[in-house]
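All remarks here apply to the structure that follows.
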Amino acid sequence: MRIVIGVHHFPPKYRGGAEWRAYRTASALLKAGHDVLVVCIEKIDDAQAKPLAVKEDVFEGVPLQRLAFNLAAAPDPLQWEYNNEWVGTHLLDLFDSRNTDLFHLMSGYLMTGSALMAARQAGVPTVVTLTDFWFLCRRVSMLRTDGTLSALPIDALRCARCLGEEKRRFRLAARFLPDLMNRYWKAQRRNVNYFEQRWSFLRDCLVETDLAISPSKFLRQMYVDSGMVARRMEFLRQGHSFGSLQSTDLQKSPSDFLRVGYLGQIAPLKGVQLLVDAILQIPSRQIELHIHGDSGMHPQYSNALSLAARHDPRVVLHGAYERSQLTSILRDLDVVVVPSLWYENSPNVILEAFAHDTPVIASNFGGMAELVDDERNGLHFAVGDAADLAKQICRISEDPSLLDRLTQGAAATHPPTVDAEIEDLLGLYHLAMHRT
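Using our numbering, the letters of the sequence shown correspond one by one to residues 2 to 437.
This is the structure in structure tokens:
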């Protein structure tokens, strides 16, 4: 098959879950003999793009096109956020020139609904992997600017207020003059209309999609409950690609301390500060916190973590890591914590931890709670509650038999492999093509 995969970003500069999923999928499909091209967005502030720049590239054997444009120069930057006609026009030409058999969009963020509209216009079957909430939420995460979680049903007025309160002056006004600001936002029909149009357009895009894949049952149900559904909605968990791990890879290095780890993005919505606060509440000096992740994306947030680390030697910041280092990192950790403040979907780090016989402590909601079986292969804690997280860490620290039991539960949890995922994915591709 001739397959085009669309995704908002791609390695090596960008290393999020969707980016690595696109890479793993493309690599496995190429290995299986398919003709694959990845199209991603490299820059949205390229003043030299007139209006769209295309760079041909190859990353670890995966051919791709890196697109760049200047969103601020778009005819309507707000509309271009969900319907980027430059991307749509480019893909329409690409689908035709490659005689594309199938288009697989991951997330939708930055590629926008225009990518699906182009595939429909070209008569190309479409598959969407829902890696986040972008179709439902402009901020992707369903996390409001005031730090609270949004919920269904989607409300255009609430979304308009959230967008406006990205500016500090509106957040301050909302705090001190809530009734006045409620009346103010109701009067802002332009912003409300924008979100109504966004919802309508993206719903039409997804309704016409041949098949949508959700890596978690939680996310699938969120989309179904919202009314934003494709012709067919399927659940397919992502696979891991660690090859044949040996017993020596899974054997923990010796230590007199309980080694707690965080691996992933250093970002506010990931709750890393919450984890640090939990450690600071624990008096025991027999606990270490090892934070692995790139601190460059949110420097102000990362600086606050660095300050905490300077005041407590138990907190160690290791910086960015390569995927090739993952096995050695997890050998030196007894438990991994996923303290996210947003719903998440199907976090790779949880599957990676289980593949390395490592239990996980996770926020007790969303895709995290679906993956972590409380008291079997990990523990839950109340989302956003540093004291409860500290309590769960102390339980493991003070009861070695609990750590042993959870470790055995993690070892008995077998995440799917990439090969198994791709086999199922190809079956879904054929379903999508048959529908068309």
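Glycine residues also receive a C-beta, built at the ideal position from the N, C-alpha and C atoms.
Between the C-alpha atoms of residue i and residue j, what's the straight-line distance to the nearest angstrom?
i    : j    : result
L111 : R140 : 12 Å
G379 : I397 : 10 Å
M143 : S151 : 5 Å
G148 : H319 : 27 Å
Q393 : A174 : 38 Å
V440 : R221 : Only positions 2 to 437 of the chain appear in this structure, which leaves residue 440 out of reach.
I283 : V373 : 23 Å
A161 : F11  : 30 Å
P76  : N84  : 11 Å
Q122 : F177 : 50 Å
V441 : E422 : The shown model of the chain, from 2 to 437, leaves out residue 441, and the question about it has no answer.
W81  : L72  : 7 Å
F355 : L117 : 35 Å
C163 : S254 : 47 Å
S227 : L352 : 27 Å
H299 : R406 : 37 Å
I53  : Q66  : It should be pointed out that residue 53 corresponds to Leu in this sequence rather than to Ile. One C-alpha to the other measures close to 12 Å.
L31  : P13  : 19 Å
R332 : S248 : 11 Å
N304 : L427 : 44 Å
H312 : E323 : 28 Å
I288 : S98  : 58 Å
H431 : G124 : 15 Å
E376 : S347 : 19 Å
A119 : A50  : 21 Å
I362 : L270 : 17 Å
A388 : F196 : 37 Å
D94  : N100 : 10 Å
V225 : G17  : 25 Å
Looking at the structure shown, is residue i part of a helix, part of a strand, or coil, going by DSSP?
i    : result
N1   : Residue 1 is absent from the structure shown; the chain starts at 2 and stops at 437.
Y83  : coil
V361 : strand
D420 : helix
M2   : coil
R377 : coil
H415 : coil
F96  : helix
F355 : helix
Please classify residue i as buried or exposed, where buried requires at least 16 neighbouring CB atoms within 10 angstroms.
i    : result
G272 : buried
T408 : buried
E345 : buried
S245 : exposed
Q239 : buried
S325 : exposed
S108 : buried
R184 : exposed
L153 : exposed
F96  : buried
H415 : exposed
S201 : exposed
E166 : buried
G297 : exposed
For residue i, decide whether its Cβ has a neighbour in chain C, counting only Cβ atoms nearer than 8 Å.
i   : result
Y24 : You won't find chain C in this structure, because it holds only one protein chain.
Just to confirm, are residue i and residue j a CB contact at a threshold of 8 Å?
i    : j    : result
D250 : T328 : yes
H105 : I6   : yes
M182 : L207 : no
L1   : V317 : No statement about residue 1 is possible, as the shown extent of the chain runs from 2 to 437 and does not include it.
R315 : I280 : yes
L404 : V350 : no
S242 : G368 : no
E43  : A19  : no
V339 : L212 : no
L137 : I155 : yes
F236 : S215 : yes
L334 : G262 : yes
R232 : R25  : no
A23  : V37  : no
A27  : V63  : yes
C41  : H91  : no
A321 : V277 : no
P126 : A383 : no
L103 : M234 : no
G385 : L429 : no
Exercise. Which parts of the region 4-70 are runs of the beta strand (DSSP E), unbroken and 3 residues or longer, counting only runs that do not cross its ends?
Worked result: Within the region 4-70, the complete beta strand (DSSP E) runs of at least 3 residues fall at 36-44, 53-60, 63-70.
Problem set entry | Continuous beta strand (DSSP E) assignments of at least 3 residues falling wholly in the region 200-245 | Listed in chain order, the complete beta strand (DSSP E) runs (minimum 3 residues) inside the region 200-245 are 212-215, 234-236.
Exercise. In chain order, which alpha helix (DSSP H) runs of at least 4 residues are fully inside the region 112-198?
Worked result: Within the region 112-198, the complete alpha helix (DSSP H) runs of at least 4 residues are 115-123, 157-165, 169-177, 179-187.
Problem set entry | Start-end ranges of the beta strand (DSSP E) lying completely within the region 262-342, minimum 3 residues | Runs of the beta strand (DSSP E) lying entirely within the region 262-342, each at least 3 residues long, are 288-293, 316-320, 336-339 in chain order.
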